[in-house]
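See below for the structure under consideration.
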Amino acid sequence: MQITTIGLDLAKSVFQFYAVDAEGHVVVRKALRRAQILSFFAKLPCCLVGMEACGTSHHWARELTKLGHEVRLMPPAYVKPYVKRGKTDAGDAEAICEAVTRPTMRFVPVKSADQQAALALHRTRDLLVRQRTQLVNMLRGLLAEFGIEIARGLHHALRLAGRLSNGEAPEVPPLARLVVKVLADQIGTIQLQLARLEKELLAWHRSNELSQRLATIPGIGVISATALAASVIEPERFRSGRQFAASLGLTPLQNCSGGRERMGRISRMGDRYLRRLLVVGMTSLVRRARIQPASVDPRLSAMLARKPARLVTVAAANRTARVAWAIMTRGGTFRAPISAAA
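The sequence shown: position 239 = 239 (UniProt numbering), numbered continuously.
Here it is, written out as structure tokens:
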């Protein structure tokens, strides 16, 4: 019996292997160590390999593709219904093998090493931004105990951190002055690291034609454009911009039955990072619409006159996702409405 379909459950050390033939009969069911994977698959005839889209999955997909196998990645949530009972790695491998053959299954495109490197820059930058926020909040609360107030805004905190790092804290007792200096030094170090990462992202943006076209959309800068270009591999897999926006969790949950349509809250499903970048970008655009209404799309100002600001922000993020999908699939750059351009 020749193997035609394989379900591979990924892990850190021990992988579960489940293989069937053309008639669906089980051929092999075994556990493999990480070091055995490539040598084992090299001896197999070319076949269909299914895996869940999770950590290291894109690496293994690239490696097995080099050996001639057809690799398909699937979202874990779509594989779960095929698990018969209980939760075991062997059961997951069997469910993967079953799910990968379904004609209606949705698959995740395999990312290249270059795209994953760009996403690594994004993830690391996001982590450093959160650490900087934690340190600034800690510094703000500590200095407040001694009557020193930091004005709102990150630039005020960074300026004060620079002075504290140089030892300028006369109002703080000597014992607390050491702690304040440690926090200030840490903030300064993270700020330098962030500048270095953002410089690398800017260089990647300038070398990527798609990222440059996405940056022409109002509210999308270098960070959002590079994240979209690196994350969305095959945008044509989505039938429409609405489906792409729904995949980012920017549409309401649906609860439709008996001919009645009920719309719930925003689903918040999909890629949290991309959704947050779009919402933050649109928040900036909404603020500009309040200060300089003539500089933004008049539809945005009209919505602000009727709806709450946060609702308008999410609606604008939804529309921006649809515009981004159109640019990624059809080419070209953003063209402002005639009324807005005038």
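Cβ coordinates follow ideal geometry from the N, Cα and C atoms, glycine included.
When DSSP states are grouped into helix, strand and coil, residue 306 belongs to the helix group. If you keep only unbroken alpha helix (DSSP H) runs of at least 4 residues inside the UniProt domain "Transposase IS116/IS110/IS902 C-terminal" (212-288), you get 222-231 and 241-247. Restricting attention to 230, 307 and 312, the CA atom closest to the CA of residue 119 is found in 230. Taking the C-beta atoms as reference points, residue 266 is found nearer than 8 Å to residue 250. In chain order, 252, 253 and 255 place their CB closer than 7 Å to the CB of residue 264, counting only its own chain and leaving out the 5 sequence neighbours on each side.
When C-beta atoms of the stretch 171-180 are compared with those of the stretch 192-199, fewer than three pairs fall below 8 Å, so the two segments do not count as touching. With respect to the 8 Å criterion, residue 47 and residue 3 are classified as neighbours on the basis of their beta carbons. Here residue 93 is near residue 9, since their CB atoms are less than 8 Å apart.
In the three-state DSSP reduction, residue 292 falls in the coil class, being neither helix nor strand. Where residue 182 is concerned, the enclosing alpha helix (DSSP H) starts and stops at 174-207. If one requires a minimum length of 4 residues, the alpha helix (DSSP H) runs lying completely within the UniProt domain "Transposase IS110-like N-terminal" (6-146) are 37-42, 57-66, 76-79, 89-99 and 113-144, in chain order. A straight line joining the alpha-carbon of residue 270 with that of residue 140 spans about 34 Å. Within its own chain, the residues whose Cβ lies closer than 7 Å to the Cβ of residue 111, once the five positions on either side in sequence are excluded, are 58 and 233, listed in chain order. In this structure the stretch 11-19 lies against the stretch 84-100, because at least three pairs of beta carbons, one per stretch, are closer than 8 Å.
With respect to the 8 Å criterion, residue 131 and residue 223 are not classified as neighbours on the basis of their beta carbons.
Of all alpha-carbon atoms in 241, 274 and 101, the one lying nearest the alpha-carbon of residue 74 is that of 101. With fewer than 16 other CB atoms across the displayed protein chains lying within 10 angstroms of its CB, residue 259 is exposed. In the three-state DSSP reduction, residue 320 falls in the helix class (H, G or I). Residue 321 places its beta carbon 8 Å or farther from that of residue 219. Residue 157: member of the alpha helix (DSSP H) spanning 154-165, first to last residue. Straight across, the Cα-Cα distance linking residue 113 with residue 237 is about 21 Å. When the five nearest sequence neighbours on each side are left out, the beta carbons in the same chain lying within less than 8 Å of the beta carbon of residue 52 are those of 9, 10, 73, 74, 75, 76, 79, 92 and 96, in order along the chain. Take the alpha-carbon of residue 44 and the one of residue 108: they are about 24 Å apart.
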